[in-house]
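Trainee: The listed protein sequences derive, respectively, from chains H and X.
Start counting the first sequence at 1; every next residue gets the next number (our numbering).
Start counting the second sequence at 175; every next residue gets the next number (our numbering).
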Amino acid sequence: MATITASITISQGASPASLIITDTTVNENTQTYTDRYLTILDSNGVALADYPNPISFSFITYPTGIITLTGFTVDLALNIVMTLVPVTVDIPSVYVATEDVAMNRYLQQGVYNIQEARFLDNDLVGLASIQAQYDSIDVIIEQQNSQTAVLYGSLSGAQNALTRGQNVINAQIL
Amino acid sequence: MTSTYILNALLRGQRAMLIVSDRIQDKFLYLQSPIYTELQYKQRDIYVLWKSLTDNYAYRATLTTYEALINVLVGMCQAVDSFNSTYSTINTNYQDLSGTTTIVVDQGYVTPVKLFFTNNDSPAIADYQTDYASTFGNDPTFAIYLYNGTTGSYSLFSGASESLQYDITLTILQSASFSLGLPQTGYILIST
Chain H
1 MATITASITI SQGASPASLI ITDTTVNENT QTYTDRYLTI LDSNGVALAD YPNPISFSFI
61 TYPTGIITLT GFTVDLALNI VMTLVPVTVD IPSVYVATED VAMNRYLQQG VYNIQEARFL
121 DNDLVGLASI QAQYDSIDVI IEQQNSQTAV LYGSLSGAQN ALTRGQNVIN AQIL
Chain X
175 MTSTYILNAL LRGQRAMLIV SDRIQDKFLY LQSPIYTELQ YKQRDIYVLW KSLTDNYAYR
235 ATLTTYEALI NVLVGMCQAV DSFNSTYSTI NTNYQDLSGT TTIVVDQGYV TPVKLFFTNN
295 DSPAIADYQT DYASTFGNDP TFAIYLYNGT TGSYSLFSGA SESLQYDITL TILQSASFSL
355 GLPQTGYILI ST
């Protein structure tokens with residue numbers, strides 16, 4: 001039995017509505033487990049709507065260690081915890097992995113869509129184009145703010161930045 | 175449109191932003207001139223488009239207009255190149271770049287590099303001048319090599335004269351190879 005330290009990575013794919021969580025625990029298969037599950041809370045400490053709490057991430061159902069959560073309608077700042085439940089506890093091992101993330105795909109796609117409207121569709125001309133330019137920069141700044149807030153451990157700050165960015169996108173007439 | 179083309183376009187956009195920043199921050203322009211205002215807007219346009227494209231690069235296959243936007247970015251970069259050419263005819267101290275070479279960078283770093291050289295269709299080593307020593311002292315972190323197209327070999331260049339005629343400022347952010355879009359008369363290899 002090797003000592004393990006639970007770890008996860010969080011990523012997003014092409015769809016902004018999905019979030020991919022990967023169990024990246026090194027030497028995980030040197031121990032045996034009765035279960036594996038996820039606890040995901042938003043910036044208010046509330047569990048994700050439309051999902052049970054905890055979320056099953058069992059070895060039987062997810063043998064590759066990858067789970068994709070879908071149904072997100074906006075970018076969220078999340079606290080994600082993966083818990084491994086070993087058959088026999090190895091004292092030096094760490095069975096809980098925690099990551100804070102700020103999703104960004106909706107903001108990224110929002111900026112992309114504005115640029116598309118400006119440069120390809122010519123839906124935004126004159127002052128509207130300049131306003132869209134400013135809006136795009138504002139969204140990019142908020143995207144950056146969200147990542148910086150996560151680095152400083154402020155999920156609420158990250159969520160506030162994401163919400164401000166999404167509000168800019170929502171207010172942009174395309 | 176290959177991924178190499180797209181990456182080169184994004185790199186070119188990055189360089190275009192740096193050129194505009196350089197021109198603005200070094201007060202090469204009259205601040206009230208229309209060119210200055212235009213460049214400010216162009217820089218923002220290039221930045222937001224470049225950012226939206228780089229953020230979505232991994233997902234480009236799902237974005238039907240991604241390639242069209244890349245071409246818009248290329249067009250913007252060409253406008254900056256055109257500005258460079260126009261500006262060179264305005265300010266005789268920073269004029270004709272026709273002696274420009276392709277810059278080949280073989281290792282990434284973030285050190286600003288200034289290269290100075292004469293307008294010569296067949297530049298020799300002596301034609302190239304640099305503020306090499308003033309910038310990096312006697313213990314430089316990189317070396318500049320000149321490429322000899324005839325022999326196909328590189329030779330170390332370590333000139334330090336400041337008698338300059340032409341000036342290009344390059345801020346190199348990552349490993350890359352790119353063309354300045356002008357007649358190529360030689361190569362400079364910069365390596366750490």
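The beta carbon of each residue, even a glycine, is placed where N, CA and C say it ideally should be.
In this text, all values refer to a predicted model and were calculated from it rather than measured experimentally.
Spatial neighbours of Arg83/H within its chain, please: C-beta separation below 6 Å, excluding the five flanking residues on both sides.
Mentor: What sits at residue 83/H in the sequence shown is Thr, not Arg. Within the same chain, Cβ atoms closer than 6 Å to the Cβ of Thr83/H are found at Tyr37 and Val96, the five residues on either side in sequence being excluded.
Trainee: Taking three-plus beta-carbon pairs below 8 Å as touching, is the segment 179 to 190 of chain X in contact with the segment 218 to 226 of chain X?
Mentor: As far as the Cβ criterion goes, the segment 179 to 190 of chain X touches the segment 218 to 226 of chain X, which means the pair count is three or higher.
Trainee: List the residues of chain A that Val111/H touches, going by C-beta distances under 8 Å, in chain order.
Mentor: You won't find chain A in this structure, because its protein chains are H and X.
Trainee: As a quick exercise: from Asp138/H, Arg164/H, Gly153/H and Thr22/H, pick the residue whose alpha carbon is nearest that of Thr64/H.
Mentor: Nearest option by C-alpha distance: Thr22/H.
Trainee: Could you name the residues that DSSP lists as bridge partners for Ile169/H?
Mentor: BP columns for Ile169/H are empty, so no partner.
Trainee: Is Phe72/H close to chain X? Criterion is C-beta to C-beta, closer than 8 Å.
Mentor: no
Trainee: Would you tell me roughly how many angstroms separate the C-alpha atoms of Phe119/H and Ala17/H, rounded to the nearest one?
Mentor: 26 Å
Trainee: Can you grab the Cα-Cα spacing for the pair Glu116/H / Asp50/H, in whole Å?
Mentor: 33 Å
Trainee: Pop quiz: Glu142/H and Gly110/H are said to be a contact at Cβ under 8 Å. What is the actual Cβ separation, rounded to whole angstroms?
Mentor: With a Cβ gap of about 10 Å, Glu142/H and Gly110/H do not count as contacting.
Trainee: Go ahead and label Thr25/H buried or exposed: buried means 16 or more other beta carbons lie within 10 angstroms of its beta carbon, across all protein chains shown.
Mentor: Here Thr25/H is buried: its Cβ has 16 or more other Cβ atoms, across all protein chains shown, within 10 Å.
Trainee: Does the beta carbon of Leu184/X sit closer than 8 Å to a beta carbon anywhere in chain H?
Mentor: For Leu184/X, the answer is no, since every Cβ of chain H falls outside 8 Å of its Cβ.
Trainee: Give me, in chain order, the residues of the same chain whose beta-carbon lies closer than 6 Å to that of Tyr215/X; leave out the 5 immediate sequence neighbours on both sides.
Mentor: Cβ within range, chain order: n/a, list empty.
Trainee: For Ala235/X and Ile114/H, what's the separation of their Cα atoms in angstroms?
Mentor: Cα to Cα, Ala235/X sits roughly 19 Å from Ile114/H.
Trainee: Taking Cβ to Cβ, would you say Asn230/X is nearer than 8 Å to Gln144/H?
Mentor: no
Trainee: In chain order, what residues of the same chain lie with their CB nearer than 8 Å to the CB of Met175/X, ignoring the 5 residues before and after it?
Mentor: Glu241 and Ile244
Trainee: Using a Cβ-Cβ cut-off of less than 7 Å, list which residues of the segment 111 to 137 of chain H approach chain X; keep chain order.
Mentor: Val111, Tyr112, Gln115, Glu116, Phe119, Leu120, Gln133, Ser136 and Ile137
Trainee: Can you find the residues in the same chain that come closer than 8 Å, C-beta to C-beta, to Thr228/X, ignoring five residues on each side of it along the sequence?
Mentor: Leu184
Trainee: Answer yes or no: do Val81/H and Val150/H have a C-beta to C-beta separation smaller than 8 Å?
Mentor: No.
Trainee: Evaluate Met1/H with the Cβ neighbour count: other Cβ atoms within 10 Å of its Cβ, from every protein chain shown; 16 or more gives buried, anything less gives exposed.
Mentor: exposed
Trainee: For a cutoff of 8 Å on Cβ pairs, would you count Ala14/H as touching chain X?
Mentor: At a cut-off of 8 Å between C-beta atoms, Ala14/H counts as an interface residue with respect to chain X.
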